[in-house]
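Engineer: Could you have a look at this structure, given as structure tokens, before my questions?
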Amino acid sequence: MNSHAAAIVFDQVEKDFRRTGKVIAGLDLEIHAGQFVALLGPSGSGKTTLLRLVAGLEQPTRGEVRVPDAARRNRGYVFQEAHLMPWRSVFANVALPLEILGRPREEIRAQVETSLALVGLESAGALLPHALSGGMKMRVSVARALVSKPSLLLLDEPFSALDEATRFRLATELRRIWLAAGMTVVFVTHSLAEAVFVADRAVVFSQRPLRILADLPIPLGAERPDRLRVSPAYAELLARVYEIVAETGDAHTRHAT
Amino acid sequence: MNSHAAAIVFDQVEKDFRRTGKVIAGLDLEIHAGQFVALLGPSGSGKTTLLRLVAGLEQPTRGEVRVPDAARRNRGYVFQEAHLMPWRSVFANVALPLEILGRPREEIRAQVETSLALVGLESAGALLPHALSGGMKMRVSVARALVSKPSLLLLDEPFSALDEATRFRLATELRRIWLAAGMTVVFVTHSLAEAVFVADRAVVFSQRPLRILADLPIPLGAERPDRLRVSPAYAELLARVYEIVAETGDAHTRHAT
Amino acid sequence: HGCAPQQSERVRLGLNWKAEPEFGGFYAAQVKGLYQAHGLDVQIIEGAANAPVLPMVAAGQLDFGIATGLEVLAARQRGADIVALFSVYQKSPNCLMVRASSSIRSIAELMRSGYDVAVGPGQLYVEYLQRKYHPVNVRWVPYLGGVSGLLGNPRLAQQCFVGSEPELARARGVPTRVFVVADEGVDNISALLVTRGQLLRENQELVRRMLAAIGLGWRDYLADPAPTHALIARLNPAMSLSILDTMLREQRPFMLGDATGFERLGRLEPAMWERLQGHMLDFGSLDKPIDLRSAYREYP
Amino acid sequence: MISPLRLFAPLILFAVVVTLLEALSQSGIAPRYLLPPPSEVWATLRGDAREYLRAATITLTEAGLGLLLSFLVGNGLAILMSVSRWLSAALQPYAVFFQTVPLIAIAPLLVIWFGYGIPTVVVAAFIVSVFPVIVNTLAGCRAVEPALRDLFRLYGASRFQTLTKLTLPHAIPNMVTGLRIAAGLAMIGAIVGEFIAGGGLGGLIDAARTQQRLDKVFAAVLLASLAGVLMVGLVNLSARVFVGRWREPGTD
Amino acid sequence: MISPLRLFAPLILFAVVVTLLEALSQSGIAPRYLLPPPSEVWATLRGDAREYLRAATITLTEAGLGLLLSFLVGNGLAILMSVSRWLSAALQPYAVFFQTVPLIAIAPLLVIWFGYGIPTVVVAAFIVSVFPVIVNTLAGCRAVEPALRDLFRLYGASRFQTLTKLTLPHAIPNMVTGLRIAAGLAMIGAIVGEFIAGGGLGGLIDAARTQQRLDKVFAAVLLASLAGVLMVGLVNLSARVFVGRWREPGTD
Ligand SMILES: Nc1ncnc2c1ncn2[C@@H]1O[C@H](COP(=O)(O)OP(=O)(O)OP(=O)(O)O)[C@@H](O)[C@H]1O
Ligand SMILES: Nc1ncnc2c1ncn2[C@@H]1O[C@H](COP(=O)(O)OP(=O)(O)OP(=O)(O)O)[C@@H](O)[C@H]1O
Ligand SMILES: [Mg+2]
Ligand SMILES: [Mg+2]
């Protein structure tokens, strides 16, 4: 991999936690600007920690995480749990990033409405979070991350609380937005099928301490129409990815048990 | 459906919420003692509400939910979010149900250890919840629900925060425990594949207000060995279920958008 | 200063307690228009239990105030320029009292009685009696106001003011025996009109007029208290007219001394100050002697 | 649903307590010079109703102003302390000093600075009531969910934005708890202030106490407590209006 | 990391304040009869060190016992109130009454019931400090996450189990906040109690006050505040030991 000016770079990154010890050991990883990367790995391997390192919410114990300024300026983050503000309505929760950026009222209203419609919650704007179902909360959280049209979008299992239909629809939307806006997307998911369908590159991690097991390009083209999911190309690639993961992941599956 | 002495029965159940209106409308449903039922439905359709009605955490606005005494006595519930007690260690969190039931110390230690090993967290017992990853929290929550060997087990998307390997392994374990102990299991999931693999019956719900779209028996036998997942019988059944859901769910997909 | 008398000068007089016969003359001068006649517009400010009158006078927030001799000397030693001008009492009406049914006949007996003696903070005579009698089984306890201590406990003596607390107790069905502390040879100066030295130096004329009005006020009050008592009862609803009359009747000899007329009214003399300073030096309330002559101005 | 309970439960208890006190008093078990029978207190209160009401109004006003000061200054300080560790460490002991200094001991200073009358009393009410506001608001500000803090960091929110959009809204329930305590304390502070500066219910209590008019003392104390209950009630009401909305998730 | 800051920040501020006061006093801007210069207070304190220390020990003990009582009774009441809505509605106004009643007004009652000396002072400290404990613990008990309540209902936990395993552990941070406030109040309650029952720093203040010995008053006040800071510090320390573990998730 040749270095790229506007890339997110992990340079020999290690991360230790006081109580639980080493989570990431000597990680080298480069994510190019405008890339759509899916991260996969067993539960507890360190995916969330990695995203937090990119976001600057966590500092590496050793090594360095370089994030280009452009990406640093406007970020969106979907936490693994929804983390809504209980005293704000759905609308106001989604509006928060724009409020912080000091956008005018009218613009906020328009953007929030667009964003809520995107996740299928256009009629839930007035509700308080405690009246939402689990999946609805996560969708609000996704809407909040998209509303500011970020140049770097970090998603931590954003769709895992959703039914397959909704999940599929949202993944398609996400890809469409990415195509239009050209931001960098780092997407943690547990679904290989989803990763292959939506991303251009899938990085598969090992159990703790996190290492890269496989780093696969996904050459399925820029446009990913719905029917791609029933196409032979997709099925073939998915089968190959499964295979690779099964091979390399042998050790990890044993670990996870 | 003929009434059964030891069945959980929904009799013309309606549920309205003050702010969000009708969630369940005239639902009739019967779950036999010892059955393993999977519930499927779009996000926000009322699956969690239904589980809470069974658990007695919510009262129906109209109609009646009858739960046999046997099932009422010892219940396990995996909430959609982990809901651990932040001041208790992983071990102590899992021990809670047994403490409440007043079991002796030695028994508690043994059961908790078994339960933690089951979800692959045997070495995390001393950690506090804030040091866990999202998936680890959910696994603790599953361990907590299993530890008291409940006769009625309610699971609300217990595995959605987990990677596919762990998810598959835990589903297999769950089926094994069910076979051995013979409790009633009600299992909300978003994965049709998982539902078909693990349950004896799959109930597919519509978008709000919740109605039954399909109620399918899954005649794949009591034992579900790993290789079932690659068997033609399984693939065929899954395909049929997909078809039914797609057909009946046409309306709901439109709704969910 | 030679300002015309028709322009009344505003003056603030701060009491150290609510309206009572103790301040009768000051109110009488108001009732009878004597202040006005002397070109003064006097505002009398009732005090509270913890009102800090002396610092207020020293700091110029009050022009005149009421304080005890002990307070005046202590304040002067702390550098507050306070000067006493007029003494309401010629003999301190501070007393100790026990129930009439008690066998105690004197302070000397009380000091050997095993009673609790309830006395407020800073009473000069506590130390004096300690030294005089060396009581071994008497416990000095805080005085909580009123007479509830005495009513509740037959083996309790408490501080009192002539004509005040004994009447309260009697009204509650418990007659008392009263011992005047001054008769033991220790005497605070109980109610002094004070001002700050600066005012005295810079506005002699004002002080003169004030004292003139007050002198007349007290004479008037002692001759005909009824109109003043009506005012006091209105200001201090805890008081009734009959209680006020009784209090004045009992306190009159303490105000006028042994004299038959008004000749000793308000009098301030070196002897009483020297005695007081002697006690205070003895008991550690004063570190060293102070210049007594600047602590008061002789009256009349 | 709550309203009648809120009203009747204390009233029933009130009736019980009053009856008990009356019986104790009339039977002579509790001597009248220590505990006047409620009937007598009531008679006194009715007899001088206008005077008591006027005094109570003054005291209530002073306590209310003191509470307002505590609200403003206390929350202001708490916010500063929540933002800066240095300030927090430096100020905390002085806040305790403020809390522990007996008003009586600094009475001369108060009266010199603020004069006789209302200002001194307001300051007294403030001094006594500000500490709970500081401590509770500070605790609330510090208990913000770390994930939400992360969210604000992520969007590069300014300190001021984090404060107004996250910390303060989150601290509101704690603030209410602090104010609830401060309301009662402001009342007692006002009364003690009146022991120093005169006037109001404190002045009435002061005068009546030494005259052994316990009926008057208790009439005033009763009014003071009612005023205190009123103030706490107002705090609760504002809490219901501003906070109840999202802090009572069990209501639906 | 925190320790030196905790120590030095207030000390630096202390030095600033003392220097300022001294300058004010020596320059004559603040007259000595209003605000004794710190040097004089210090001289007084050193001169009578043993007496002051003895008095402070007594007051601290009384305040400590009062605080302990508040801890026990206040938490007990709060727990009862958190369990029963009726009790809560009925008791709340009386808790406010307790808070607003001036100690001086019920001083004779206290002395009759508890005698002169330590018990009365302890009770005074208790009366003044119990309300914040009740209010804060109650708020903590009521703020339990509904999902965790559901969990306990689900397993058929008894009221007692829910209390000891859920409500109380959850309320601990609020309890600490309440105790922090109560610690300062207990100190002031003890001093006012000593105005009533004699002894300790309150007795010293009371006596020195009438003699205009403000140096003595401030020496005693200073010690009282130090004792207050000490008590609050102890509360904080226990908090760190018992609560810090899970309420400071930002530390890792
Ligand atoms: N704040 C923390 N303190 C200590 N240990 C932590 C902390 N956060 C995470 N860990 C540990 O780091 C490891 C990786 O956690 P992380 O949340 O990154 O996993 P993950 O890959 O996101 O897992 P999942 O898929 O379950 O969300 C876990 O073993 C966890 O116990
Ligand atoms: N406490 C509540 N108050 C008001 N409305 C509620 C409440 N709980 C749930 N709802 C509403 O009821 C509907 C169903 O919620 P429920 O949580 O049962 O959905 P679900 O099927 O579990 O969805 P998901 O798959 O997203 O978890 C939602 O539209 C939600 O807004
Ligand atoms: Mg994670
Ligand atoms: Mg749900």
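Protein chains in written order, with our numbering: chain A, 2 to 258; chain B, 2 to 258; chain C, 155 to 454; chain D, 8 to 259; chain E, 8 to 259.
The beta carbon of each residue, even a glycine, is placed where N, CA and C say it ideally should be.
Please tell me whether residue 148 (chain B) and residue 95 (chain B) are closer than 7 Å, where the distance is taken between their beta carbons.
Structural biologist: Yes, the pair counts as a contact, with Cβ atoms nearer than the cut-off.
Engineer: As a quick exercise: from B:207, B:224, B:46, pick the residue whose alpha carbon is nearest that of residue 200 (chain B).
Structural biologist: Cα-wise, what sits closest to residue 200 (chain B) is B:224.
Engineer: State yes or no: is the beta carbon of residue 105 (chain B) nearer than 7 Å to at least one beta carbon in chain E?
Structural biologist: Output row for residue 105 (chain B): interface = no.
Engineer: Per the contact definition of three or more C-beta pairs closer than 8 Å, is the stretch 62–82 of chain A in contact with the stretch 126–134 of chain D?
Structural biologist: Short answer: they don't touch.
Engineer: Is the stretch 102–118 of chain E touching the stretch 157–173 of chain E in the sense that three or more CB pairs, one from each, lie closer than 8 Å?
Structural biologist: Verdict: no, contact absent.
Engineer: Taking residue 207 (chain E) and residue 97 (chain E) to be in contact with their CB atoms under 8 Å, please state how far apart those CB atoms are, rounded to whole angstroms.
Structural biologist: Their Cβ separation, rounded to whole angstroms, is 36 Å, which puts residue 207 (chain E) and residue 97 (chain E) out of contact at 8 Å.
Engineer: Which residues in the same chain have their Cβ closer than 8 Å to the Cβ of residue 243 (chain C), if we skip the five residues on either side of it in sequence?
Structural biologist: If we look at residue 243 (chain C) and ignore the five residues flanking it on each side, its Cβ neighbours are 343, 344, 345, 405, 408, 409.
Engineer: Between C:199, C:361, C:436, which lies nearest to residue 192 (chain C) when the distance is taken from Cα to Cα?
Structural biologist: Comparing Cα-Cα distances from residue 192 (chain C) to each of C:199, C:361, C:436, the minimum goes to C:361.
Engineer: Kindly identify the DSSP beta-bridge partner or partners of residue 290 (chain C).
Structural biologist: Answer is none; residue 290 (chain C) lacks a bridge partner.
Engineer: Go to residue 342 (chain C), then tell me how far its alpha helix (DSSP H) extends in each direction, as first and last residue.
Structural biologist: No alpha helix (DSSP H) holds residue 342 (chain C); DSSP gives it neither H nor E.
Engineer: Just the C-alpha distance for residue 213 (chain D) and residue 374 (chain C), rounded to the nearest angstrom, thanks.
Structural biologist: Distance between the alpha carbons of residue 213 (chain D) and residue 374 (chain C): 29 Å.
Engineer: Note down, in chain order, every chain C residue with its Cβ under 9 Å from the Cβ of residue 214 (chain E).
Structural biologist: Residues of chain C passing the Cβ test: 275, 276.
Engineer: Looking at chain A, which residues of the stretch 79–105 of chain D have a Cβ within less than 9 Å of any of its Cβ atoms?
Structural biologist: So the list is empty, because no residue satisfies the distance condition.
Engineer: Based on Cα-Cα distance, which residue from E:38, E:35, E:43 lies nearest to residue 25 (chain E)?
Structural biologist: That would be E:43, whose Cα lies nearest to the Cα of residue 25 (chain E).
Engineer: According to the Cβ coordinates, are residue 278 (chain C) and residue 224 (chain C) closer than 7 Å?
Structural biologist: Yes, Cβ-Cβ distance for residue 278 (chain C) and residue 224 (chain C) is below 7 Å.
Engineer: Roughly how far, in whole angstroms, is the beta-carbon of residue 170 (chain E) from the beta-carbon of residue 85 (chain E), given that I think they are within contact range, below 8 Å?
Structural biologist: At roughly 11 Å, the Cβ-Cβ gap does not stay under 8 Å, so residue 170 (chain E) and residue 85 (chain E) are not in contact.
Engineer: Return the CA-CA distance between residue 189 (chain A) and residue 38 (chain A), expressed in angstroms with no decimal places.
Structural biologist: Whole-angstrom Cα-Cα distance: 8 Å.
Engineer: Output needed for residue 194 (chain A): all residues of its chain with C-beta closer than 7 Å, excluding positions within five of it in sequence on either side, in chain order.
Structural biologist: Taken in chain order, the residues that qualify are 239.
Engineer: For residue 172 (chain D), name the three-state secondary structure that DSSP assigns.
Structural biologist: Residue state, collapsed to three classes: helix.
Engineer: List, in order along the chain, the chain D residues whose C-beta lies closer than 9 Å to that of residue 77 (chain E)?
Structural biologist: Within 9 Å Cβ-Cβ: nothing; residue 77 (chain E) doesn't reach chain D, min ~13 Å.
Engineer: Which residues neighbour ligand 3 when neighbourhood means a C-beta less than 6 Å away from any of its non-hydrogen atoms? List them by chain order.
Structural biologist: After applying the 6 Å Cβ criterion, the set is A:48, A:49, A:81, A:157, B:134, B:135.
Engineer: Give every residue of the same chain whose Cβ lies closer than 7 Å to the Cβ of residue 239 (chain D), excluding the five residues on either side of it in the sequence, and list them in chain order.
Structural biologist: Closer than 7 Å at Cβ, skipping near neighbours: 187, 190, 191.
Engineer: Listing by chain order, which chain E residues have their CB less than 7 Å from the CB of residue 56 (chain B)?
Structural biologist: 161, listed in chain order.
Engineer: With C-beta atoms as the reference, is residue 300 (chain C) less than 7 Å away from residue 39 (chain D)?
Structural biologist: The answer is no: Cβ separation not under 7 Å.
Engineer: Along chain E, in chain order, which residues have C-beta atoms closer than 9 Å to that of residue 464 (chain C)?
Structural biologist: An answer regarding residue 464 (chain C) cannot be provided, because it is not within the stretch 155 to 454 covered by chain C.
Engineer: Between residue 190 (chain A) and ligand 2, is the CB less than 6 Å from at least one heavy atom?
Structural biologist: Result no, Cβ not under 6 Å from ligand 2.
Engineer: Please decide whether residue 169 (chain D) counts as near chain E, where near means a Cβ-Cβ distance under 7 Å.
Structural biologist: Taking Cβ atoms only, chain E never reaches closer than 7 Å to residue 169 (chain D), which makes this a no.
Engineer: What are the boundary residues of the alpha helix (DSSP H) that includes residue 138 (chain A)?
Structural biologist: Per DSSP, residue 138 (chain A) belongs to the alpha helix (DSSP H) from 135–147.
Engineer: Under 8 Å: do the stretch 171–188 of chain A and the stretch 139–156 of chain A share three or more Cβ pairs, one atom per stretch?
Structural biologist: Cβ pair count under 8 Å is three or more, so yes.
Engineer: Does residue 136 (chain D) have its Cβ less than 7 Å from a Cβ in chain E?
Structural biologist: For residue 136 (chain D), the answer is no, since every Cβ of chain E falls outside 7 Å of its Cβ.
Engineer: Under 7 Å, Cβ to Cβ, is there at least one residue of chain A near residue 154 (chain D)?
Structural biologist: Cβ-Cβ to chain A under 7 Å: yes for residue 154 (chain D).
Engineer: Count Cβ pairs between the stretch 324–342 of chain C and the stretch 203–215 of chain C that sit closer than 8 Å; are there 3 or more?
Structural biologist: Counting Cβ pairs under 8 Å, fewer than three are found: no touch.
Engineer: Would residue 180 (chain D) count as contacting chain A if we go by Cβ distances under 7 Å?
Structural biologist: Chain A contact via Cβ: absent.
Engineer: Please determine if the stretch 96–111 of chain A and the stretch 38–51 of chain B are in contact, where contact requires at least 3 C-beta pairs separated by less than 8 Å.
Structural biologist: Not touching, per the Cβ criterion.
Engineer: When DSSP labels each residue in this structure, what does residue 11 (chain B) get in the three-state scheme?
Structural biologist: Note: residue 11 (chain B) maps to strand in three-state DSSP.
Engineer: Under a three-way DSSP split, which group does residue 82 (chain E) fall into?
Structural biologist: Three-state result, residue 82 (chain E): helix.
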